[in-house]
Each structure stands twice: as C-alpha cells, then as structure tokens.
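Undergrad: Residue numbers for the first sequence follow the working numbering, so the first one is 1261 and each next one is one higher.
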Amino acid sequence: MREPLSPQYDPGAIETPLYRLWEARGYFQARAGAVRAGRADPYVIVIPPPNVTAVLHMGHGLNNTIQDVLTRWQRMRGREALYLPGTDHAGIATQNVVERIVAAEGRTRAELGREAFVERVWQFVDETGPTILQQLRAIGCSCDWSRTRFTLEPALSRAVREVFVQLYEKGLIYRGNYIINWCPRCLTALSDEEAEGEPTQGRLYHLRYPLADPAPGLPTLPDGRAYVVVATTRPETMLGDTAVAVHPDDERYRALVGRDVLLPLAERRIPIVADAFVDREFGTGAVKITPAHDPNDFEMARRHGIAPLDIMTPEAHLNDAVPEPFRGLERFAARKAVVEAFRAAGLLEKIDDHAHTLPHCYRCDTIVEPRLSDQWFVRMAPLAAPALAAARAGQVRFTPERHARVYEHWLENIRDWCISRQLWWGHRIPVFYCGTEGCGAMIVAREDPTSCPECGGGALTQDPDVLDTWFSSWLWPFSTLGWPDETEDLAAFYPSHTLVTAPEILFFWVARMIMAGLEFRDRVPFQDVYLTGTVRDMEGRKMSKSLGNGIDPLEVVKLYGADALRYTVISSVGLGTDVRMDPNDLETTFSVGRNFSNKVWNAGRFALMNVAADEVAPVAAVAPSLELADRWILSRLGVAAQEIGRNLETFRFHEAAESAYHFFWGELADWYLEVIKPRVQPGAAPVSRAAAETTLVATLDGILRLLHPVMPFITEALWQRLPRVSGAARSESIMIAAWPEAADYPRDADAEAQFGELMDLIGTVRALRSEYGIAPATPVALILSNVSAALEAALAREEHALRRLARVGEIRHGSQDGGAGAHAVLPSGVEVFLPLAGVIDLDRERERLARELERLDGQLRGTVAKLANEQFTARAPADVVAREREKADSYREQRDRLATKLAGLS
RNA sequence: GGGCGCGUAGCUCAGUUGGUUAGAGCGCUACGUUGACAUCGUAGAGGUCACAGGUUCGAGUCCUGUCGCGCCCACCA
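1. Which residues in the same chain have their Cβ closer than 8 angstroms to the Cβ of Pro-1390, if we skip the five residues on either side of it in sequence?
2. In whole angstroms, what separates the C-alpha of Gly-1834 from that of Leu-1671?
3. Taking the alpha-carbon of Glu-2070 as reference, which of Ala-2080, Leu-2042 and Pro-2087 has the nearest alpha-carbon?
4. With 16 as the cutoff for other CB atoms within 10 Å, does Lys-1430 come out buried or exposed?
5. Might you give, ordered along the chain, the residues of its own chain that have their beta carbon closer than 8 angstroms to the beta carbon of Ala-2134, omitting 5 neighbours on each side?
6. I'd like to know whether the C-beta atoms of Asp-1728 and Arg-1681 end up nearer to each other than 7 angstroms.
7. For a test of the three-state rule: what should DSSP assign to His-1922, helix, strand or coil?
8. Going by Cα to Cα distance, which pick from Thr-2123, Glu-2105 and Ala-2125 is closest to Ala-2159?
9. Expressed to the nearest angstrom, what Euclidean distance is found between the alpha-carbon atoms of Leu-1964 and Glu-1815?
10. With DSSP as the reference, label Ser-1266 as helix, strand or coil.
11. Is Phe-1542 buried or exposed, if buried means 16 or more other CB atoms sit within 10 Å of its CB?
12. Give the range of the alpha helix (DSSP H) segment to which Trp-1333 is assigned.
13. Assuming Thr-1659 and Pro-1308 are in contact, meaning their beta carbons sit under 8 angstroms apart, how far apart are those beta carbons, in whole angstroms?
14. Buried or exposed: which applies to Ile-1830, given that a residue is buried once 16 or more other Cβ atoms fall within 10 Å of its Cβ?
15. For the 8 angstroms Cβ check, are there 3 or more pairs between the region 1684-1693 and the region 1398-1407?
16. Can you name the start and end residues of the alpha helix (DSSP H) that Gln-1426 belongs to?
17. Taking Arg-1865 as part of the alpha helix (DSSP H), name the residues at either end of that continuous run.
18. Pick out the complete alpha helix (DSSP H) segments inside the region 1999-2044, 4 residues or longer, and give them in chain order.
19. State the Cα-Cα distance for the pair Leu-1750 and Trp-1677, rounded to the nearest angstrom.
20. Answer with buried or exposed for Cys-1624, where buried requires no fewer than 16 other C-beta atoms within 10 angstroms of its C-beta.
21. Do you know offhand how far Val-1879's Cα is from Gln-2014's?
22. Tell me which residues share the same chain as Met-1775 and place their Cβ nearer than 6 angstroms to its Cβ, disregarding the 5 neighbours each side in the sequence.
23. Based on the DSSP output, what are the partners of Asp-1348 in its beta bridges?
24. Leaving out five residues before and five after Leu-1928 in sequence, what residues of the same chain have Cβ atoms less than 7 angstroms from its Cβ?
25. Between Gly-1821, Ala-1705, Arg-1981 and Glu-1847, which lies nearest to Leu-1427 when the distance is taken from Cα to Cα?
26. Quick one: grab the DSSP three-state call for Met-1640.
27. When you compare only the Cα positions, how much space is there between Glu-1913 and Val-1852?
28. Using CA coordinates, which residue listed in Asp-2004, Leu-1578 and Arg-1840 is at the minimum distance from Val-1899?
29. Which of the three DSSP states, helix, strand or coil, is assigned to Pro-1277?
30. Can you list, in chain order, the residues of its chain with a C-beta nearer than 7 angstroms to that of Val-1770? Leave out the 5 residues immediately preceding and following it.
31. So, for Met-1261: in the same chain, excluding its five sequence neighbours on each side, which residues have a beta-carbon less than 8 angstroms away from its beta-carbon?
32. Using 8 angstroms as the cut-off, can you tell me whether the region 1317-1331 makes contact with the region 1375-1389, which would need three or more C-beta pairs spanning the two stretches below that distance?
33. Would a C-beta distance cut-off of 7 angstroms place Gly-2078 and Ala-2097 closer than the cut-off?
34. Output yes or no for whether 7 angstroms exceeds the beta carbon distance between Val-1726 and Gly-1700.
35. Quick one: what does DSSP say Trp-2167 is sitting in, helix, strand or coil?
36. Do Ser-2167 and Ala-2002 have their C-beta atoms closer together than 7 angstroms?
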C-alpha cells in the first residue's frame, strides 16, 4: 500500500527534498561530451546575470521562471539543456552599496584607500554573493550550478582583458578628451545609456550679455552699453562661457558676428561666432557657448577653434577658474548666486518656465553633469554594422517582433561607448603609462608589463580607472564557457539559443552581446530574444524597492509553493505585455496557481487512492476494452499535448498554461474522474476497471509530463508515486522523462463527438434542474427525442454517467408525454424534456412564475407608457431615453422566456 | 520633436493568419458536507470589445481619424 497523501497540497514538504534529489543526481548538469560526440543537440540559455548584491524580486521571478520552463521543456525533448547561472559584479551599484556600509561605520572610501576598499567589497560579495542564486533554487530553476560564473572572477577578467587588447589593436578602442556624462555623486563617467532622461520642470533664464564695444541697432542698458540676450537653463555655466553663437543667416545678429561680448561677472571678452547649429527659433536665437560643460557647445567651439574653460570640480562645485565670490559653490547654489548677480546688475531679462528632459545617473538618480575629461571609448560603428545585418537577416529573432525595430534604430544611430569608469570596483583598465621623463609610452597588454618596452624604464603606472560593468557582461555568452580558450564547453554550448530578459537592457546588454558575439566568435550569441513585460503593481507602477510595492517571490513560495508562483506568473504573461500583480493581496494574486496546484495534487491523490494495483497494463494491451470515456480522455490529451507544445514553441506561455489548465481541470478532473468513479470502486467489473486504471495512469502520466516545465515539484512528487506500467521502462525522474508529443495520443474523432454529446446533455439537464429548483437529491425522468447518432452511441456506452452526474432516473425515447415539464434543445438538435409532475410542486412553481410574469408585465407596461409619453422622449436626455428603451427590450425578452416556461408547466 | 504599445466582464487579462453564440481566473448570486479536492462542486448574472468613420459576404481582429493611458528614443541651449 502506498503512503497516503494529505488532502491539501503542502508544497513545503516536498520542494526542498526534490530539488536536492535532482541536484544530487546531476540532472541540471549539461554534458559537453555528449554534444561533442554528436549524441545530443544542445539547448542553451545563459542567465541574465543578476547583480551580486541583488535580492530576488518578481522581475527575476518572471524572467527566470520563463527560462526554466524553456530549459526543462527542451531537456525533456531530449536536448542537452544548459541553463547557465551566474552573477554580475555590477560596478557602480555594488560600489555604492559598500560605500553606504562603510559610511555607516563612520568612514569614507577615500579614508580606506583603494586596496582596502576593494578588499571590503570582496568581503561583502563573498558574504552575500550567493544569496540570489540560492533564491533561484527556491523557485525551482534547474541551473547547472557546476558552471556558475561571476563577471569579476579571474577567468572572465581574462576574457575582458583579451577583448580590450584585441579591440585596441584593431583601433576600435581609443582614449580621448570629450564631454561625457558625469555623475557628481558617484564621481565617475557614465555611458549615454546610463544617463536616464527624466522629464523635469525647469526654467529658462534670459541673460543680457553687454557688448564689449558700441554696436548700433541693439537695445541698450541704462549705462548706454548695447547687449544681446542669451537663453540658458543652466545659468551657472555662464562663468565658463567662451563665446556666443548665432545662426549665420540670422538677420538680427549678422552685424555682430566677429564682435566681442564682455562676459558679465567674469568680465572676460568672448567672441560672437556664427554657427549653423544654432536654432534661430529657440530662445533669442543667440546661444552662450560653454565648451567644457555641454557636448554641443564643445563641438561648436572646436569648429571655431575656441578653447574650453573648465569651471567645475568633479563634485560639481565651481572651481578656481571663476571669480572669487563664486568659488567653491555647489552647482545649484552657484545657479542662484549667478542669477542674483545678474539681477543686481540689471542684466536679468526674464525667467520663463521650461519643461525639458534632464539626464540622471541610473544608479543614484543624481542629475548628470556634462564634463570634459579623458576617457576610454569603443568605436561602435564597425561593431554595429554586422549586428544590424544579422538581425535583418533573421539570425536573431525578437519576440515580440516590434523590439527588432527599436534595436535597429539604436544601431543605426550608434554612438561611441564610453567604457572607463572612475571607480575602484571592476576590471582595471589594462593600460600602463611609462613615467620615465620624456618617454610617455602607453602600454596595452595581456600581461602586466614589468618594464617599459620603449625606454626600458620600470616606472609604470596602471590607468586608475575600471571598465564599465557592461564591458564584461557583453561577453557573457562565451566568456562563461571558457573563452578565450577553445574549450570543450565553448565548442558544445556556443551559441546559445534563447535569451530571456527585460526590454530595459536591450541596448545595455542584448545589442552589445550580439556585437561581441559576432566580433569575437563570428556568430550571433543566440537565435531568439524573448523580451518579457514589466511586473507592475495595481496602479501600473513598476515594482521597486524604493516604492515598497514589490512582491517577494520567496514569500509566495512559502505561502503557496514554487509551482503556484510559477503557474501564476506563466499564466499571466501575455506576449510581451506587462504583468500586473497586487502586492497587498497575495492571496488573490496567486489564487490561480495555488488552487490549480491543489487540484493537481488531489487528482493525483484520487488516482493513487483508487488504482488498486501497483502496476497497470499498457494502453495498447487493454485497447479492446477501452470504454468511451477512456478513448475520449486519451484523445483530448493528444489535443492538449499539441496545444501546449505549439504554444511553448512560439513563446505563448499564457496559452500553454491555459491549455494545460483546461485539460487538467475542465476535462480530466471535471469529467473523466467523475465518470470513472464507479469503475474503480471495489466490486467493479475487473475488465472495465483495468481499462479505467490504465487510462487514468496514462493520462496522468501524460499531463504531468506536459505540466512539468511549469510546475516541476508537484508533477515530480505525483509522477514518482504513479503505478508502473507493466513492460514499460520508466525514467527515474519526470525531469528527464520524454516530452509527450501529440502523436503519442492519436485523435479519436468518434469518441470526442460522442462524449461531447453526452457532456452537452448532462450540462443541459443540470441547467434545467437548477432553473426549476429541483433539489440536488431528487432524481428526474428524462424524455429524449430527435436523438443524434452520436448521442445514441454515447448512451449505449455511458448511460451511467448521465444517471449519476445529472441525477437522472428513468430515460425514455420518444416525444414528450404532454404533461408539465421543462424543455430544452441541445446544439445538435436533440430535444430534452423533463417531466416535472411530482418532482417539484407544480402549483407553487406555476404561481411563482405567474407572479413573476405579472410583475414583469407591470414593469414593461410602465416603461412602454413612459416611452409613449412625448414629454419624456422630447425632454429627457438622450441617454436616459436610450436606457429606458433597453430596459423595455430586456423586460420583453424576460417576459417571453417566462411565458414559454409557464406554458411548459401547464 | 520622432517612434512604439495599450484601451475587451466589477478586477487582472487571453483572443495566433478576419469566420458559428467574444473566453479564463478572481470577485459576485443561488444551491450543495455525493469518500480526490470547500484552495471544492453544480448552475447563473455580468460585455454598445474606448469613440467615430471606412474596407469586407463577415471586423474585437484590417485601414483612417479622435480621446485616454503607458513606454522608448532625441544635442533646441
């Protein structure tokens, strides 16, 4: 006798042991050897590496569940599946976290010094690093933990260095003095992608710049000096102005080009230049040029040979290049001070409100300050071209497709990538500078040089900067497999197949991985990119730590189990649409998954309680004795297999989940289990019972396997306990059992038609019973006419189902007997009649119906009268009249239905 | 300023190339302790598919416009 299962599914009791079992048996491990030997097709998903500091949130829950569903599915299909896990060192993010910890200890990064600080970060990472990977286990992810990688581990650092050197040697990496996005809080450069635009309500300040010499035709100040007005959103930068620009064709200013302005406060002479970049329509048509603090100004100044003047410290305070009273002021304080000074001098024309978009640091949300500095860049155009071509040639497919256009647009307008960061946590830039007097050599090398190859000197200093985090992430699909060595893993598992990630990192990561894959491996790193939606709360806000509107997946696992979480998530993910979940009502949000888990559990429990034997015959062996219901459910299982497979193939997770759900609950549990109950009771006919048991076991076996990718734990728990099928080999785990194909369960059109007709009939009788208030315990007689061939066949075989499930007693064929009763017609035309004399109190029912009819009639008459009243129709608002008409129609309909019903009872 | 997406039941959403009577879960109503499951069962109510036009034998689905919501990109200071 098998151990009894609890009537309620208790996920906590089974999940951890099962996961341990899978892991211990090595099911998660992909075998490169098998692929290399041609014995298996690989299927590879590399995880989008979460930040080492990350704690699992619903976004991960969604993405990683999808990844695991795909992995488990392909594994069952016989592919050598590799789900490669790992984490990202997340340069700025991690450094910021540790800086905060250090600050809480009352110290600063600077006080600690570089070496000690980096040591501190490592300590932190070692302590907390594995957290999120541990959490992925809790939601059932079947990652190959033996291949876990970290972007800052030595092997991956080697890949990063190799790539840097190769690109440098190809001339695709260069160092230059340009305006970059600078975060004055993190004190580092950012790439364009790391500077996130946020709509901001700002001001547009109109400032008067007096001309250095008299100029006719311009407005003048009280002291007689002529002036031009420039408009700016950042008045504090005026102290760094080195010119004023106007459009060459602007009549208003044509005479001024070549003259000088006397820059207020700084009291410097700066030229007025003509540049076609200037927009005549904006502001006054005259623009101040601050080359060191604005990328456009920088370009313009360069065109005119004007040197930049840097007026800010890295912290965005004004430096010593500005006049005394402004020195040391923080940028926004400086803004106030400058505006006040202009006002005091009568040089402030006006201040307008001005809505614009300001770039913010994606890690700390500080307003980015454009800054002129020496940085390292990757020349992107040569890398973008192949990446664009690959997508256009269909080597990479995007789902949903629309993302392909966004990807292409970005690549078409690619800009160089600033990769140096003034941080301590990350891959150190492998560039060394010779300090020998008069040498100045720059050495870029795979190995740290000990002496200068130019002059032989040994005074080498390494570039203090580190590389952008994404400079290691973009190599992830091959750096994790051992590249630059030609390892067996690399040969077996590159390229991967499906990338599942959030659309937010399309540029940061996805596009760059495609570039790197093509550049260093000559092949795109994956065929399919599936971009998920965003998990939002009920107000449509993205779930985030700062808003406190997140859902902790582990809490859901604890409450309802990993399978409930996974099923809920999978069933709510429409193709590329956002997922909405209520953080304040986990019960409702996850009820679908929880209830379904329980249903699956109990159907399994039913089977285990009722199948007497430990072993059943295979379907083929009992084929002749299969009954209608048996043939029907096996045929329907084939349909489910087909739908689930097809939907997984096209990333239609919601539909796949729903197909499985509908089959399991709506067909297997609601109908098949109910119909076979008498056949598996003690005393049932042995042949019939054997057929039912075989079918039940076969059906459960099939649907459990179909459900396994989505609900790995519960399916394994039940599948392990399923009676054996004699003569059939069974794998030791459902994880590695074969995926059911539709062809395994041939369609049986007759069985479907016949059983379908029976379901219709049962449903109709139930509806009539309910409508006439027949007590559930009271049997009714049934008179059928115009019976279809299908129904006749069904009744010949499964009449007992009709009797039991619709509580039908006597069944007669022929026309109704003329007595009182309820009447209905099936879609197939079969006429159903239930004699009600003696079943319900006819007099009372007739009275009830008559009263109801009268009431309706009264309401209808009232409404009709109202509508006949011209005063009403002419004066009442149109929508009120319309509603009244609708009411009348509805009353009429109800009345007619009641009248028919009443006539049937007479 | 460009580009994209969304608007279907009270709520959250499906609806794949246009095709019977527009579906699901939750919620709601009535009835039900039938030995798998009350995290359940049976039945039911609830929809002008945002709005206005158009194409078509036929439109939730295709086209145009309007309104509302959201996202992405962009160097108008």
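For every residue, glycine included, the Cβ atom is placed at its ideal position computed from N, Cα and C.
TA: Reading from the atomic positions:
1. Within the first sequence, the letter at position 130 stands for residue 1390. Result list for Pro-1390: empty, nothing under 8 angstroms.
2. By one-based count along the first sequence, residue 1834 stands at place 574. By one-based count along the first sequence, residue 1671 stands at place 411. Between Gly-1834 and Leu-1671, the C-alpha separation is close to 28 angstroms.
3. As a first step, residue 2070 must be located in the first sequence, where it is residue number 810. Relative to the Cα of Glu-2070, the nearest Cα in the group Ala-2080, Leu-2042 and Pro-2087 belongs to Leu-2042.
4. The residue labelled residue 1430 in the question sits at position 170 within the first sequence. Exposed.
5. Counted from its first residue, the first sequence places residue 2134 at position 874. Excluding residues within five positions, none has a Cβ falling inside 8 angstroms.
6. For the purposes of this step, residue 1728 is taken as residue 468 along the first sequence, with counting starting at 1. For the purposes of this step, residue 1681 is taken as residue 421 along the first sequence, with counting starting at 1. Arg-1681 is positioned such that its CB atom lies closer than 7 angstroms to that of Asp-1728.
7. Translated into positions along the first sequence, residue 1922 becomes position 662. His-1922 falls in the helix class under three-state DSSP.
8. Position 899 of the first sequence, counting from 1, holds the residue named residue 2159. Taking Ala-2159 as reference, the option from Thr-2123, Glu-2105 and Ala-2125 with the minimal CA-CA separation is Glu-2105.
9. Taking the first sequence and counting its residues from 1, the one referred to as residue 1964 is at position 704. Taking the first sequence and counting its residues from 1, the one referred to as residue 1815 is at position 555. Each residue's Cα considered, the two are about 26 angstroms apart.
10. Indexing the first sequence from 1 puts residue 1266 at position 6. Note: Ser-1266 maps to coil in three-state DSSP.
11. Within the first sequence, the letter at position 282 stands for residue 1542. Phe-1542 comes out exposed.
12. Position 73 of the first sequence, counted from the start, is the residue given in the question as residue 1333. Here the alpha helix (DSSP H) through Trp-1333 covers 1318-1336.
13. As a first step, residue 1659 is located in the first sequence; it is residue number 399 there, counting from the start. As a first step, residue 1308 is located in the first sequence; it is residue number 48 there, counting from the start. At roughly 16 angstroms, the Cβ-Cβ gap does not stay under 8 angstroms, so Thr-1659 and Pro-1308 are not in contact.
14. Working through the first sequence from its first residue, we reach residue 1830 at position 570. Ile-1830 comes out buried.
15. Segment contact: the region 1684-1693 against the region 1398-1407, fewer than three CB-CB distances shorter than 8 angstroms; contact not assigned.
16. As a position in the first sequence, residue 1426 is number 166, starting the count at 1. Element bounds for Gln-1426: 1414-1429.
17. Counting from one through the first sequence, the residue named residue 1865 turns up at place 605. Where Arg-1865 is concerned, the enclosing alpha helix (DSSP H) stretches over 1851-1870.
18. Unbroken alpha helix (DSSP H) stretches of 4 residues or longer found wholly inside the region 1999-2044: 2009-2031, given in chain order.
19. Here residue 1750 refers to the residue found at position 490 when the first sequence is read from its first residue. Here residue 1677 refers to the residue found at position 417 when the first sequence is read from its first residue. Taking the Cα positions, Leu-1750 is about 27 angstroms away from Trp-1677.
20. One-based indexing of the first sequence puts residue 1624 at position 364. Exposed, by the Cβ-count rule.
21. Here residue 1879 is taken as the residue at index 619 of the first sequence, counted from 1. Here residue 2014 is taken as the residue at index 754 of the first sequence, counted from 1. Taking the straight line joining both Cα atoms gives about 21 angstroms.
22. The residue labelled residue 1775 in the question sits at position 515 within the first sequence. Cβ neighbours of Met-1775 beyond the five flanking positions: Leu-1643 and Ala-1647.
23. Position 88 of the first sequence holds residue 1348. DSSP output for Asp-1348 lists Asn-1311 as bridge partner(s).
24. Position 668 of the first sequence holds residue 1928. The answer, listed in chain order, is Ala-1863, Ile-1893, Thr-1959 and Ile-1963.
25. Residue 1427 sits at position 167 when you count from the first residue of the first sequence. Nearest to Leu-1427 by C-alpha distance, out of Gly-1821, Ala-1705, Arg-1981 and Glu-1847, is Ala-1705.
26. Mapped onto the first sequence, residue 1640 falls at position 380. In the structure shown, the three-state DSSP call for Met-1640 is coil.
27. Locating residue 1913 in the first sequence gives position 653, counting from the first residue. Locating residue 1852 in the first sequence gives position 592, counting from the first residue. The amino acid at residue 1913 is misidentified as Glu; the sequence shows Phe. Near 15 angstroms, if we compare the C-alpha coordinates of Val-1852 and Phe-1913.
28. As a position in the first sequence, residue 1899 is number 639, starting the count at 1. Comparing Cα positions, the closest option is Asp-2004.
29. The residue labelled residue 1277 in the question sits at position 17 within the first sequence. Under the three-state reduction of DSSP output, Pro-1277 falls in the helix class.
30. Counting from 1 along the first sequence, the entry for residue 1770 is found at position 510. Cβ neighbours of Val-1770 within its own chain (closer than 7 angstroms, five residues either side excluded): Leu-1759, Thr-1761 and Val-1789.
31. What you label residue 1261 is simply residue 1 of the first sequence in a count that begins at 1. Summary for Met-1261: the model assigns pLDDT 40, below 50, so the residue's position carries little reliability, and this model does not support an answer.
32. Under the three-pair Cβ rule at 8 angstroms, the region 1317-1331 does not count as touching the region 1375-1389.
33. Residue mapping note: residue 2078 aligns to position 818 of the first sequence, counting from 1. Residue mapping note: residue 2097 aligns to position 837 of the first sequence, counting from 1. Contact: no.
34. Locating residue 1726 in the first sequence gives position 466, counting from the first residue. Locating residue 1700 in the first sequence gives position 440, counting from the first residue. No; because the gap between Cβ atoms is not below 7 angstroms, this pair is not in contact.
35. This structure gives no information on residue 2167, because the portion of the chain shown stretches from 1261 to 2166.
36. This structure gives no information on residue 2167, because the portion of the chain shown stretches from 1261 to 2166.
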